[in-house]
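Residue numbers (the numbering used here), protein chains in the order written: chain Y, 1 to 185; chain P, 1 to 663.
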């Protein structure tokens, strides 16, 4: 019997895999409801990417609408969304784009910005996922929409594409008061 | 009207697949020869109607029939004809149709080329392929019909994703799908053998050419995809460990293991149940890849539009196919004898090493790809497994694989002596060590300093060991004439193997050199400026606007000098496509065997200045040339006369008594 049992191992492993995939189907990775939505952005203080003597922290989020974009130079989707971030940084005058450079090296990150352009007002440098973990970042790119009071209105997982701002991000925000609309829209 | 005919053809194809999956199978158990004989014409019929559907979808694209939703979303009157053709498989519905058509084509090929197989085997193999066909055709008809109409029809289509408007990408998916689907043949053979309870050398020999052929397509498809990413994404990278790339690499690794394991089963009758498991695994991984790409479970740049209904369907299909076959395996495999015994030092044990390493690599990539899901399911929070993790794992496993690849072909079946192997292999080993030492002394130090001598040393080791293997084979014959006679005779699968292994050596050289010695410069340039990269002068002459058929391009002009001599002119472009307004970078590359010079346009910085990326990519072509060599090796192996002749021989002898066949 012991001999026959070992031939069941592949089937059991496959059953585990299916359970996992079934779980995965239920959770659309692009629409994970972040527990942070509607709450104040987690506390953070990080050095600035190109100037370690300065820091970025929550106070940089206050007073205006921010898009906090988590990115890395090794991430292909981040490159795909780069052009759209550039466009947003030109066209949305009262929105600042902050970068959270995540699990990256400074040289690679700076090189990417130099070449493709820099849509960010300032970039926080988080090579070891110290802040990312508190923000619930699980992959790049992710983009948080934060209102003028520092509350997270929306979390976008995956690349920001043409149309993402108008159809997904802006509707969660009251542009006149620069505040999130009430939780749950 | 024609789209409705296409829809109808699909339904007919499904109907035939239903019969193909049941009647011949029933016949194979009851001994009804007429029922078994129906398998071949049914396979032809299924293929004919799937091909008609594909042709009609192509027609809809060529005629700009925007009343078909799929055409309207992926084409445009301005698009060049080539891309109207490739748009057929440019998105989910059409690529699924291509997949189903290829599956039916493989079925028809089995029907055509199986004259020498026992009728019972043919009936069962085609029945299993019919079952898979049902799954894909149902999937298409229920959730993703490419012939759905829209009313009123739009005047203009939305255009194909600009990333896909490229000749390389026009043929990448068909090659890859041919590979994925081709693995269904090896799978069907394995299931048929399990159903019959007879896992013998004959079964392995029948599967071998099919498996190798599917592997050839898969190899070329992956290489083409990598090449495309290199010149089209404009970042000079050639592999990104994206979930979709991983989804194609995993079946490739499993199929590579399967090819080697089949060799052992055919020649020595060993590893039988392991080989069957690999055949099931390889095809399951290509189904899993389909699921991952189309269900939206993982995010990826390649991802098709996602839809939970589709994900659920594929998951159920995956459960039936994989779960069913693994259950059959658990039921039947214990009865299979373990077959030929072998000593610790023997070709069997080296091939086993190869299998275990390839399986380990597959498992690691599977884990890395699914890790975000696993973490989430376990409530451990969220993680992402990036590029560096995969690279580390890959570099940790492959050197052992390359080492074994040098020893394996020289080792004797069943039992070998250590002294004999040392006598054969000390020269290759010394050459490899000398190369590594030279690399340490003469190559500039880089951050991966030990990787360069390791990579180059392994490449030389592989090269020298394969040459030694050929010499050993021809020891008692003389000259080039003997080699040619060998090639004309029964040596093709042997030389195919040598060629494929040399392809691996070439790949290692390319990957090592480009990963450690590439140079790039990101600079702001004004017209007239020159920049030096790796000794080459890049002179920027300016950027002009140039309209294309469905885009406007800003086209840069470069002259490249080696010393005073102009060696190339490069025209990198930045395109904006009219319909989607998406910007695309078209790099311009001067290619060479030992280096590529690569220019890609960044952003305009005003006053005619541009941000530029200039790259020097040493030996990068070797990566894809290596893959081409592997594919050629596979192709050569499939033409080996031995397969056909041995099959005829096994017809006379009762199947099962053929364990001694093959040399």
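Where is the CB? At the ideal position from N, CA and C, for every residue including glycine.
Everything numeric in this text was worked out from a predicted model, so none of it was measured.
| query | result |
| --- | --- |
| Meets three-Cβ-pair contact criterion under 8 Å: the segment 181 to 188 of chain P and the segment 270 to 286 of chain P | yes |
| Contacts of residue 114 of chain Y in chain P (Cβ-Cβ under 9 Å) | 522, 523, 524, 602, 611 |
| Where residue 396 of chain P meets chain Y, residues with beta-carbon distance less than 7 Å | Near residue 396 of chain P there are no residues of chain Y at all, since even the closest Cβ is about 19 Å away, more than 7 Å. |
| Beta bridge counterpart(s) of residue 557 of chain P as assigned by DSSP | P:542 |
| Contact with chain Y by residue 373 of chain P, beta-carbon distance below 8 Å | yes |
| Contact between the segment 352 to 360 of chain P and the segment 255 to 266 of chain P (3+ Cβ pairs under 8 Å) | yes |
| From P:165, P:114, P:319, P:419, residue whose alpha carbon lies closest to that of residue 346 of chain P | P:419 |
| Residues of the segment 119 to 137 of chain Y whose Cβ lies closer than 8 Å to any Cβ of chain P, in chain order | 133, 136, 137 |
| Endpoints, alpha helix (DSSP H) assigned at residue 108 of chain Y | 106 to 116 |
| In DSSP terms, what residue 576 of chain P is bridged to | P:552, P:583 |
| Beta carbon of residue 474 of chain P nearer than 8 Å to that of residue 482 of chain P | yes |
| Inter-stretch contact (C-beta, 8 Å, three-pair minimum) for the segment 358 to 375 of chain P and the segment 421 to 432 of chain P | no |
| Between the CA atoms of residue 20 of chain Y and residue 373 of chain P - distance to the nearest angstrom | 7 Å |
| Under 7 Å from the C-beta of residue 197 of chain P: neighbouring residues of chain Y | By Cβ distance, chain Y contributes nothing, its closest Cβ being about 14 Å from residue 197 of chain P, past 7 Å. |
| Euclidean distance between Cα positions of residue 658 of chain P and residue 333 of chain P | Annotation note: pLDDT 36 at residue 658 of chain P (below 50); position unreliable, coordinate value reported separately. Between residue 658 of chain P and residue 333 of chain P, the C-alpha separation is close to 20 Å. |
| Cβ separation of residue 89 of chain P and residue 3 of chain P, assumed to be a contact under 8 Å, to the nearest whole Å | The Cβ separation is near 17 Å, so there is no contact. |
| DSSP beta-bridge partners of residue 142 of chain Y | Y:70, Y:157 |
| Straight-line Cα distance separating residue 169 of chain P from residue 45 of chain P | 30 Å |
| Identity of the residues DSSP links to residue 596 of chain P by a beta bridge | P:617 |
| Closer than 7 Å at the beta carbon, the chain Y residues around residue 583 of chain P | 83 |
| Any C-beta of chain Y under 8 Å from that of residue 387 of chain P | yes |
| Contacts that residue 322 of chain P makes with chain Y (C-beta to C-beta distance below 7 Å) | 14 |
| Segment contact flag, the segment 157 to 169 of chain P with the segment 95 to 111 of chain P, C-beta cutoff 8 Å, min 3 pairs | no |
| Chain P within 8 Å of residue 44 of chain Y, Cβ atoms only | no |
| Chain C residues whose Cβ lies nearer than 9 Å to that of residue 117 of chain Y | Here chain C cannot be found, since the structure's protein chains are Y and P. |
| The beta strand (DSSP E) enclosing residue 520 of chain P, as first and last residue numbers | 519 to 525 |
| The segment 530 to 537 of chain P touching the segment 558 to 576 of chain P, judged by at least three CB pairs closer than 8 Å | yes |
| Three-state secondary structure (DSSP) of residue 304 of chain P | Caution is warranted here: a pLDDT of 46 is assigned to residue 304 of chain P, below 50, making its placement in the model unreliable, and the coordinate value is therefore given only provisionally. Here residue 304 of chain P sits in coil by DSSP. |
| C-beta neighbour in chain P for residue 24 of chain Y, strict 8 Å | yes |
| For residue 533 of chain P, the three-state DSSP class (helix, strand or coil) | strand |
| Partner residues on chain P for residue 88 of chain Y, Cβ-Cβ distance less than 9 Å | The premise fails here: residue 88 of chain Y is roughly 14 Å from chain P at the closest Cβ pair, so nothing lies under 9 Å. |
| Where residue 99 of chain Y sits in the DSSP three-state scheme | strand |
| Contact with chain P by residue 7 of chain Y, beta-carbon distance below 8 Å | yes |
| Beta carbon proximity, residue 230 of chain P to chain Y, threshold 8 Å | no |
| One or two residues paired with residue 566 of chain P in a DSSP bridge | P:561 |
| Supposed close pair residue 134 of chain P, residue 21 of chain P - CB separation, criterion 8 Å | 6 Å |
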